[in-house]
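Heads up, the thing below is written out as C-alpha cells.
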Amino acid sequence: MDLDPEGIFRDDSDSDDEFYQEKEASKELVVYLVDASPKMFAPVPTDEGGTKETHFHIAINSILQSLKAQIIGRSYDEVAICFYNTKEKKNLQDLSGVYVFNVPEREWLDRPTARLIKEFSSIEESFMSNIGSRYWIVSGSRDNSLYNALWVAQALLRKGSAKTVSKRILLFTNEDDPFGSISGAIKSDMVRTTLQRAKDAQDLGISIELLPFRRPDEEFDVSIFYAELIGLETDEIPNFLPSASDKLEDMTDQLRKRIFKKRKVKTLTFSIANGISIEVNTYALIRPTLPGAIMWLDSVTNLPLKNERSIICADTGALYQAPPKRFQPYKNEIIKFSVNELSEIKKLSNNHLRLLGFKPLDCLKDYHNLRPSTFIFPTDEEIVGSTRIFIALHKSMLRLRRFALAFHGSSTHPQLVALVAQDEITSANGQVEPPGMHMIYLPYSDDIRHIEEDHMAADDNASRATDEQIKKASALLRRIDLKNFSVCQFTNPALQRHYGILQALALGEDEMPDIKDETVPDEEGMARPGIVNVIQEFKNAVYGENHDQEEDESAAGRGHASGASKKRKEMTEAAAKESSSRDWEELAENGKLKDLTVAELKNYLIMHKLPVTGKKETLISRILTHLGK
Amino acid sequence: MARNREAVVLLLDVGPSMHGVLQEVEKVCSMLVQKKLIYGKSDEVAVVVFGTGETNNELQKEVGGYEHVVVLRNIKVVDGEATDTLQNLPRGTVPGDFMDAIVVGIDMLIKKFGPTNKGKQRLCLITDAKYPIKDPYEGTKKDQVDAICQQMKAHGVKFDCIVYREPGAMRTSVMDENDHLLDLFSKRIVARTVHVDSPLSLLGALRTRNIMPVTVFRGDMEISSNMKIKVWVYKKTSEERFPTLKMYSDKAPASDKFATHEVKVDFEYKSIEDPNKVIPPEQRIKGYRYGPQVVPISPAEWEAVKFKPEKSVKLLGFTDASNILRHYYMKDVYIFIPEPGNRKAIVAVSAIARAMKEMNKCAILRCVWRQGQGNVVIGVLTPNISSVDNIPDSFYFNVLPFAEDVREFQFPSFDNLPSSYHPSEEQQEAADNFVRMLDLAPSGRQEILQPDFTPNPVLERFYRFLELRSKQPDADVPPLDTSLKMMTEQSPDVFSDQKLLIEFPKHFELKENPKKKKSSRRAWREKPSLSNEEVSAKDPTASNLLEYSSDKKVEKIGNQNPIQDFEAMMARRDSSKWVRKAIEEMQNYIANMLENSHEQDAFQKAVECLKALRKGCIIEQEPREFNRFLIELKDKRKITNLANFFDLLLSNKITLISKEEAADSDVAEEEAKNFPVKAESASQ
C-alpha cells in the first residue's frame, strides 16, 4: 500500500521509514454519553455577552470535532453516541430515558462513518422533536436514567476483550448532584445501585471519564457524587480531572487531549553509568499526520484489489521467496551482501539508550535536527527506582541548563540523541507540556551541509546591518508580534481539504467544501497603518529611499537587455504582415505552396501560432491541415 | 556527472608528531576515495605526504627546495589503487612543512588543469601544524600566504584545512603563528579551517562526500506585500543514507557467463473475488479511505479539486523564541541565505537576524517552495549570526507541526507522584554533581562529540566492510572502529574523574519489580563484558546470580522463580548449610513437579530447573548429588510416565556430571554422555 501516492506530503526527503508509522497497538471503543436533561439546554451567556449557547450545544460540537479527528487519525476505533435523560428511548435493553443515536448501515458501536458525522452535525435541529429532553430522577419516579445510561453503555462495550481493546465511557454533564431532588431511602438506594453499576463497568475494564460543565455562578462539585462514580481515589485521576468549563473551545480542547489514548511506542533501557540502567517509556507526541493509505480498486466493480509483489530472477525466471542478496558495484566488481550482514552492519550496540554525558543547552544548535522528537517518561514497572533517578537527573538538568547526550542504538538508525529536560507547563485547562525529556535526533557530520561556506564572498567582507538598521528591524519585530502564538494552532490545510473532499464524495454531495486555509498571513492586520509605516521605515533603512524606483529601472533595464519577448513580438507582427499579403487558400488549392521558401511558409505558421519545426513537407502538410484541406 | 567532477589533492602530514593519528587519517581519506568510487567515479584524487625522510616532487626537481614532500599519487581518476595508497601511508621521520606541501599541491593542480576546472579543485590539508615552517626566500611568511592565495584565487582552488592537536597540549608560539597563517587563508579565499582534538572528530572533520547543494526555493521572502527580501533556501541538514543496494540473483548457473544476475520486481493487482484474475493498469482506480468507506477518485478529478497553494514564502509574524520549544522541530533543517551578491538582501537579512538575536525573537513563516506542491509548511525562522567576516548572516528554518500532528497525552506531574519516587536531598546533590561533572563541553577543550565532527558509524562500517570484501570475498562484518566506540559507550578517557561513574549509582537503589519478574528476564545490570543482551534474554538461568542474591536473602525455593531462588540460595555465603539446603529443595521441587503434572509445559520448566541444578552442582563441586538424583529419576521413570521427559533431557544435553566437569564425580565422560541414551534404549 502506498501511503502518499501523490507525494502531497513529501517535499524533498521524507523517508518511507517505519519511524513515522505508529504501530496499531490496540483499538479503542468509546461511548460518548451525553446528558440531555433540560438543564443542559439552559442558555449560558458567553464571555462576549452576546450570543448564548447551551451546554448541550457545546457537547455536541466538541464531540463532532473529535469524531472528525477520529475518522482521519484513527478510523478503526469504534464509537457510539448515547444520550440520556431523553423522552424517547432507543437501546438494546429497552430502558427508558436512554437514546442511542445511529445512522443506517452502521452498528450501534462501530467505526465512525461520513454519514454519522453528517447527521450528527445537524442533530440539534431535530433533537427536541425526535428525541426530546426529560429529567427522570425526580421524587416518586422509580427510573434512574443515569443508572440506565451506564448500563446501556456497558452493554454497547461488550465487544472485544479488555486485554486488546481499550474501552471508555466519556460522560458529559452539568449536573453535579443527579440525585439532589430526591431524598430518603430511595435516594440512598439509587446512589448505591448507580455506583455499583459504575463499579461493575470498571471491573470489566471500562474506564469512565467525566467531562463536567460549570453552570453560571456555580462550581461543579465533583465531591458530591461523581468523585466516587469515576473512582477518584485511584492515583492518576486527580491529575487528570479536567476543570469544569463552560466554553466550547475549552471543552473541545479537553476532549482533544483525551480522545487519543496514551500509547507508548516502546520501553527502552537507559544506561546511566557503571552498568546501571533504568527504564523509560517512549511516546510519539509529535508525528506528521498523513492522509490515509490509498487502495487500488477495480474501476468496474469498485472492489478493492490485492497487490502482489513478486521478485523474479531475470536470468532464469525463477521466483524468489525470501529476499535475495544485495550488491554494490565497486571497483568494477560486484560485492555481495546477505540481508543478515547488512543488519549486522547497522547493529552497533544493543537497543539501549546509553548516556554519554551532559552539555550546556546552547551546544544544541537550531540545525541539529533531523526528525520529529520522541518523548520519554520513566517507568517503575520493571525496575523499581527508575523514576527516582530520572527525576533527580531531570531536576539537575533543568537547574544547570544542560541536556544529556546519549546514544540510541536502534537497529535501523543508530543515532546520537540529545535528551532535553522539559519542565511541566500547565494552564487553566490542564497540562500544556508534560514533564519529562524530549529525545532529539542529532545529525552526523555527514548529514550537515556547509551552505554558508559554499557561498563565501571570497574577496570582500559581507555587509552587515548597521545599528540604525537593526533598530528599525527591532521596531518591526515589536510591531508584528504574534503574542500568544502556540505551535500547533494551525490545522493542516492540505489534510483538511483532502478529508473535506473525501467526506463530500462519500456522502455523494455535489458541492466541494470550502476549507479555510488558516495559514495565510493576516492581510488585514498587515495593512494597518502602524504596521505599514514601520515596514516602510525598515525598508527605507535597508534598501534606501528609492528602492522601488531602482527596482523598476533595473527591471526595465533587464527588459531592454534581454528583449527576447519584445523581439518575439516584433517577429510575429512582421510575419503576420508578410503572410497576410498572400492568398493561402488559393496557393494551397493550386499546389503552389511548394514553390514558396521555408521562411515564407513559416510566416504563416507563426501568424497562426503553429509549430515551426520540421522539414518543408511537414510544414506544408501542417498548413494544409490548418486550412482544412 | 562530469559537470560536478572534482579534483582533490590530499596533503597529509606524516611527520613523527602525527603518527598517533595516522590510522585515522588513513581511514578518513580512504573513506573519501571509497565514496568517490561509488558516487563520483570520474572525480580525481592525488595524494601528497610531507614530513617524510625522502623527497619526490616535480617542483624540487625543477627548482630545488621543497624537501621532505613526496607525491604518492598524481592527479588521476579514482581507482582501487588510491585506497591502497591511502591505507599504507609511510611514517615520516622529519617535522613537516605544510606550506611547502600547499605549494606542491597547487603546482600539481595548475600543471594538470591550467586555467580550466575552476571552482572544482580542492586542496585538503591535514596536519598538526606544530613545527615552524621555513622562512620564504623573499618577504615574510604572510607575504607568502598572500602570494599563494593569489594563485588559488586565480585558479579557483578551494582549501580545506584540518588541524589536529591532542587535548591539553601546551600551546607554543609556533602553533600560534601557524594558526594565524592558516586563518589568513580563510580570510583571503574560499577556505575552511577546523581544529579538532580527538581521533573521532578527525574522522568527522573531512567532507568525504561532495554533494552539490540545490536550492529548495529562490525568490522573495515576503514581509508584507510591499517589502520583500530575495533569498535562496537550501537544506542545511539532510540525512546521508545508507547506499541503496540492488538485489542480486544467484539463480543463474555458474557456467552461464552472460548471466545478468538481475532481479525483476513485478507488481500485480488481483481481484479479491477471483485471485487468479489480474486487473490491468487501465482498469484500476485509486481509492481513498474515509473511515470504513473507500472513495474512488480518478487522478483527473483529484487534480481538479485538490489543495493548490501558490508558490510563496510569507511572514506571519514574529514571536518570542520561548514560545517555540525545541522539541517541536519536525524535520531536517533549511537555511535561508540572502541572494548571493545582492547587497540589499544581505543587509536586510542581517538587520532582521541581528534584531531577532538581540530581542530573543523568532519569525513564523508560511512556505510553499514550489508551484504545485500540494501542501504548505509552517515553520520557525531563527537567526544564524555569522562569525566569519566574509560570510553573510542567514537564517535557519525549522518545520513546525500542525494541530493534527500533535498528540496531547497527559502525564502525571512529578509533584503528584508518591514520595518514594522523589530523590532525597542527598540524592539530588549526587545527581547535580553527576550532571555537572560528566561534562562533554569542558572549558579549555573542544566540545566532545559535536555533531558537526561526528561521523556516522554505520556508514563508516559499511564502507570499511565493502573495501574488505573487495579484497577478501569471505570476510566477516568488522567490529566497530575503536575510535568510534566513544559514541556508543561512556568513554573512559573523556572523564578525568572516573570515581564519578562509580559514585553516582551508589546513591540510588534499583531493584526488579518482583511482581513483574516473570515477564521480564532482563538483567538491568549488564555484565560489562556482555554487550549483547540476547544471551540473558533467551536463557532464564543466566540471569545474574550475584545481583539477585544481594537484594534479599532467599531461604526457600518458591513457585514463582524457582531458578533464581535456587541460585540465590546457592550463592549465600553466610552459612555453608545453604548449598546443601538449596540442592535438596531443588531436587524436591523437580520431583514434585514431575510427579504432579505430566504436561509438556511442566516438563519444560523441570528441564530448566534441572539445568540450573546441574550448573549449581558443578560450581559447588557437588556432582554426586546431581548424579544420584538423575539416576533416581530414571528409576522412578518406571513408575511414572516420564519417557517424554527424558527425550527432552536428551535434546537439552543434560547428562550426568562427568569427572571432567567436577573432579568429585565418579562418572566417566563417556558414561555421562551415554546416560540418557542408555536409559532410552533400556526402556525399550
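From first to last, the protein sequence lines stand for chains A and B.
When we follow my numbering, the leftmost residue of the first sequence carries the number 72, and every step to the right adds one.
When we follow my numbering, the leftmost residue of the second sequence carries the number 116, and every step to the right adds one.
Beta carbons are placed, not taken as given, at the ideal position from N, Cα and C, and that holds for glycine.
For clarity, every value in this text was computed on a predicted model and none was experimentally measured.
Exercise. Is the shortest distance between the beta-carbon of residue 95 of chain A and the beta-carbons of chain B less than 9 Å?
Worked result: Low confidence applies to residue 95 of chain A: its pLDDT is 44, below 50, so where it sits in the model is not reliable, and the reading given next is rough at best. Residue contact check for residue 95 of chain A against chain B: no CB pair falls below 9 Å.
Exercise. Is any beta-carbon of chain B found at less than 9 Å from that of residue 587 of chain A?
Worked result: Answer no: the Cβ-Cβ gap between residue 587 of chain A and chain B never drops below 9 Å.
For this session: Report the rounded CA-to-CA distance for residue 163 of chain A versus residue 204 of chain A, giving the unit in angstroms.
Result: Whole-angstrom Cα-Cα distance: 20 Å.
Exercise. Of all the alpha helix (DSSP H) runs that stay within the bounds of the segment 395–475 of chain A, which reach a length of 4 or more residues?
Worked result: Listed in chain order, the alpha helix (DSSP H) elements of length 4 or more contained wholly in the segment 395–475 of chain A are 410–417 and 457–471.
For this session: Could you tell me if residue 489 of chain A is buried or exposed, where buried requires 16 or more neighbouring beta carbons within 10 angstroms of its beta carbon?
Result: Its Cβ being crowded by 16 or more others within 10 Å, residue 489 of chain A is buried.
Problem set entry | Reduced DSSP category for residue 387 of chain A - H, G, I as helix; E, B as strand; rest coil | Coil at residue 387 of chain A, not helix or strand.
For this session: Scan the segment 361–381 of chain A for residues whose Cβ lies nearer than 9 Å to a Cβ of chain B and list them as they occur along the chain.
Result: Residues of the segment 361–381 of chain A with a C-beta atom less than 9 Å from some C-beta of chain B are 362, 363, 364, 365, 366, 367, 368, 369, 370, 371, 372, 373, 374, 375, 376, 377, 378, 379, 380 and 381, listed in chain order.
Exercise. Where residue 473 of chain A and residue 494 of chain A are concerned, what is the direct C-alpha to C-alpha distance, given to the nearest angstrom?
Worked result: So the two alpha carbons sit approximately 13 Å from each other.
For this session: Using the DSSP secondary-structure output, state which residues sit across from residue 627 of chain B in a beta bridge.
Result: In the DSSP output, where bridge partners are listed per residue, residue 627 of chain B has A:454.
Exercise. Fully enclosed by the segment 525–565 of chain A, which alpha helix (DSSP H) runs are 4 residues long or longer?
Worked result: You should have 538–550.
For this session: Kindly provide the ranges of any alpha helix (DSSP H) runs that are 4 or more residues long and lie completely inside the segment 103–157 of chain A, ordered along the chain.
Result: Segments of the alpha helix (DSSP H) lying fully in the segment 103–157 of chain A: 126–144.
Exercise. If you check the beta carbons only, do residue 63 of chain A and residue 655 of chain A fall under 9 Å apart?
Worked result: As shown, chain A starts at 72 and ends at 700. That puts residue 63 of chain A outside it, with no answer to give.
For this session: Please confirm if residue 675 of chain A has its CB atom under 9 Å from at least one CB of chain B.
Result: Answer no: the Cβ-Cβ gap between residue 675 of chain A and chain B never drops below 9 Å.
Exercise. Within 9 Å (strictly less), CB to CB, does residue 261 of chain B reach chain A?
Worked result: So no, residue 261 of chain B is outside the interface.
Problem set entry | For residue 217 of chain B and residue 263 of chain B, believed in contact at Cβ under 8 Å, the rounded distance | The pair is a contact, with the Cβ atoms about 6 Å apart (cut-off 8 Å).
Problem set entry | Beta-carbon proximity check, residue 65 of chain A vs residue 522 of chain A, cutoff 9 Å | Residue 65 of chain A falls outside the range modelled here, since chain A spans only 72 to 700, and no answer is possible.
Exercise. Counting pairs of beta carbons, one from the segment 271–278 of chain B and one from the segment 541–557 of chain B, are three or more of them closer than 8 Å?
Worked result: Put simply, the segment 271–278 of chain B does not touch the segment 541–557 of chain B. Fewer than three CB pairs are less than 8 Å apart.
Exercise. Using the rule of at least 16 other Cβ atoms within 10 Å of the residue's Cβ for burial, across every protein chain shown, is residue 382 of chain B buried or exposed?
Worked result: With fewer than 16 Cβ atoms within 10 Å of its Cβ, residue 382 of chain B is classed as exposed.
Problem set entry | Below-9 Å beta-carbon distance, residue 172 of chain A vs any chain B residue | Answer no: the Cβ-Cβ gap between residue 172 of chain A and chain B never drops below 9 Å.
Problem set entry | Straight-line Cα distance separating residue 777 of chain B from residue 733 of chain B | The straight-line gap from Cα to Cα measures roughly 6 Å.
Problem set entry | Enclosing alpha helix (DSSP H) for residue 551 of chain B [first to last residue] | That run of the alpha helix (DSSP H) goes 540–552.
For this session: Taking C-beta pairs closer than 9 Å, name the residues in chain A that residue 362 of chain B reaches, listed in chain order.
Result: Contact note: residue 362 of chain B reaches chain A through 382, 391, 394, 395, 396, 397 and 398, using a C-beta cutoff of 9 Å and chain order.
Problem set entry | Reference residue 437 of chain A; option with closest CA among B:783, B:292, B:626 and B:446 | For residue 437 of chain A, the closest C-alpha among the options B:783, B:292, B:626 and B:446 is that of B:446.
Exercise. In chain B, which residues lie with their C-beta within 9 Å of the C-beta of residue 564 of chain A?
Worked result: Simply 422, 424, 490, 491 and 517.
Problem set entry | Cutoff 9 Å: residue 153 of chain A Cβ touching any chain B Cβ | Taking Cβ atoms only, chain B never reaches closer than 9 Å to residue 153 of chain A, which makes this a no.
For this session: Verify whether the separation of the beta carbon atoms of residue 28 of chain A and residue 585 of chain B is less than 9 Å.
Result: The structure shown does not extend to residue 28 of chain A, since chain A is modelled only from 72 to 700, so the question has no answer here.
Exercise. How about residue 540 of chain A and residue 466 of chain B: are their beta carbons less than 9 Å apart?
Worked result: Yes, the pair counts as a contact, with Cβ atoms nearer than the cut-off.
Exercise. So who's on the other strand from residue 211 of chain B, going by DSSP bridges?
Worked result: According to the DSSP secondary-structure assignment, residue 211 of chain B is paired through a beta bridge with no residue.
For this session: May I ask which residues mark the beginning and end of the alpha helix (DSSP H) holding residue 598 of chain A?
Result: The continuous stretches of alpha helix (DSSP H) do not include residue 598 of chain A, and DSSP gives it neither H nor E.
Exercise. So what does DSSP say about residue 181 of chain B, is it helix, strand or coil?
Worked result: Looking at residue 181 of chain B - three-state DSSP - the assignment turns out to be coil, as it is neither helix nor strand.
Exercise. Taking C-alpha atoms, which residue in B:400, B:341, B:128 and B:403 lies nearest to residue 620 of chain A?
Worked result: When only C-alpha atoms are compared, the closest one is B:341.
Exercise. Taking just the CA atoms, how far does residue 136 of chain B sit from residue 168 of chain B?
Worked result: Whole-angstrom Cα-Cα distance: 19 Å.
Problem set entry | Nearest-angstrom Cα separation, counted from residue 265 of chain A out to residue 177 of chain A | Take the alpha-carbon of residue 177 of chain A and the one of residue 265 of chain A: they are about 30 Å apart.
Problem set entry | Beta carbon of residue 197 of chain A nearer than 9 Å to that of residue 100 of chain A | No, Cβ-Cβ distance for residue 197 of chain A and residue 100 of chain A is not below 9 Å.
Problem set entry | Span of the beta strand (DSSP E), counted from its first residue to its last, around residue 334 of chain B | Residue 334 of chain B -> beta strand (DSSP E) spans 332–337.
Exercise. Is any heavy atom in the ligand PLP found nearer than 8 Å to the beta carbon of residue 280 of chain B?
Worked result: In terms of ligand content, the structure shown is empty, and the ligand PLP therefore cannot be addressed.
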